[in-house]
Amino acid sequence: RVLKQVMSWLRRRLRCIQLKQWKKPSRLHRRLKQLGYQPPFRHIRMQSWRNAASPLASLALPNTYLHN
(Lines of atoms letter the chains of each structure in order from A and count residues from 1; the text may use other names and numbers.)
(Lines give C-alpha, C1' and ligand atoms only; values in the text may rest on other atoms or scores of the structure.)
Protein backbone atom coordinates (compact mmCIF):
# COMPACT_ATOMS: atom_id res chain seq x y z
CA ARG A 1 0.00 0.00 0.00
CA VAL A 2 2.76 2.43 0.90
CA LEU A 3 4.65 1.54 -2.27
CA LYS A 4 1.55 2.29 -4.38
CA GLN A 5 1.23 5.70 -2.73
CA VAL A 6 4.89 6.48 -3.34
CA MET A 7 4.65 5.40 -6.98
CA SER A 8 1.53 7.53 -7.44
CA TRP A 9 3.29 10.54 -5.91
CA LEU A 10 6.33 10.00 -8.15
CA ARG A 11 4.22 9.83 -11.32
CA ARG A 12 2.43 13.02 -10.34
CA ARG A 13 5.74 14.72 -9.57
CA LEU A 14 7.14 13.67 -12.96
CA ARG A 15 4.06 15.08 -14.69
CA CYS A 16 4.47 18.33 -12.76
CA ILE A 17 8.12 18.60 -13.81
CA GLN A 18 7.27 17.90 -17.46
CA LEU A 19 4.55 20.55 -17.45
CA LYS A 20 7.06 23.05 -16.08
CA GLN A 21 9.57 22.15 -18.80
CA TRP A 22 7.01 22.52 -21.59
CA LYS A 23 6.19 26.03 -20.23
CA LYS A 24 3.43 26.75 -22.77
CA PRO A 25 0.03 25.08 -23.11
CA SER A 26 0.59 24.81 -26.87
CA ARG A 27 3.22 22.12 -26.27
CA LEU A 28 0.80 20.15 -24.13
CA HIS A 29 -1.87 20.53 -26.83
CA ARG A 30 0.59 19.34 -29.49
CA ARG A 31 1.32 16.22 -27.43
CA LEU A 32 -2.40 15.57 -26.97
CA LYS A 33 -2.98 15.88 -30.73
CA GLN A 34 -0.19 13.36 -31.37
CA LEU A 35 -2.03 10.91 -29.11
CA GLY A 36 -5.31 11.47 -30.97
CA TYR A 37 -7.10 13.70 -28.48
CA GLN A 38 -9.24 16.24 -30.35
CA PRO A 39 -9.80 19.93 -29.51
CA PRO A 40 -11.30 21.90 -27.84
CA PHE A 41 -8.79 21.71 -25.02
CA ARG A 42 -9.42 23.04 -21.55
CA HIS A 43 -6.96 25.69 -20.42
CA ILE A 44 -4.39 24.33 -18.02
CA ARG A 45 -1.72 26.17 -16.03
CA MET A 46 1.66 24.66 -16.67
CA GLN A 47 3.25 25.03 -13.22
CA SER A 48 0.61 23.79 -10.86
CA TRP A 49 0.91 20.69 -8.72
CA ARG A 50 -2.87 20.43 -8.87
CA ASN A 51 -2.86 20.31 -12.67
CA ALA A 52 -0.32 17.50 -12.68
CA ALA A 53 -3.23 15.31 -11.55
CA SER A 54 -5.61 16.64 -14.23
CA PRO A 55 -7.03 14.34 -16.90
CA LEU A 56 -5.22 16.32 -19.63
CA ALA A 57 -1.84 15.76 -18.02
CA SER A 58 -2.65 12.09 -17.53
CA LEU A 59 -3.63 11.74 -21.19
CA ALA A 60 -0.50 13.51 -22.42
CA LEU A 61 1.81 11.60 -20.07
CA PRO A 62 0.26 8.19 -19.36
CA ASN A 63 1.74 5.85 -16.78
CA THR A 64 3.30 3.67 -19.49
CA TYR A 65 5.18 6.71 -20.83
CA LEU A 66 6.51 7.52 -17.36
CA HIS A 67 7.69 3.96 -16.74
CA ASN A 68 9.89 3.96 -19.87
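full-length UniProt numbering applies: residue 1 is where the sequence shown begins, and numbers increase by one. Don't be surprised by glycine CBs; every beta carbon is placed ideally from N, CA and C.
query                                                                                   : result
Cβ distance (whole Å) where L32 is taken to contact A53 below 8 Å                       : Incorrect: roughly 16 Å between the Cβ atoms, too far for contact.
Same chain, Cβ closer than 6 Å to L66, five either side skipped, listed in chain order  : R11, L14
Coil, strand or helix - N63 by DSSP                                                     : helix
Cβ separation of K20 and M46, assumed to be a contact under 8 Å, to the nearest whole Å : 6 Å
For K23, the first and last residue of its enclosing alpha helix (DSSP H)               : Careful: K23 lies outside any alpha helix (DSSP H) and carries neither H nor E.
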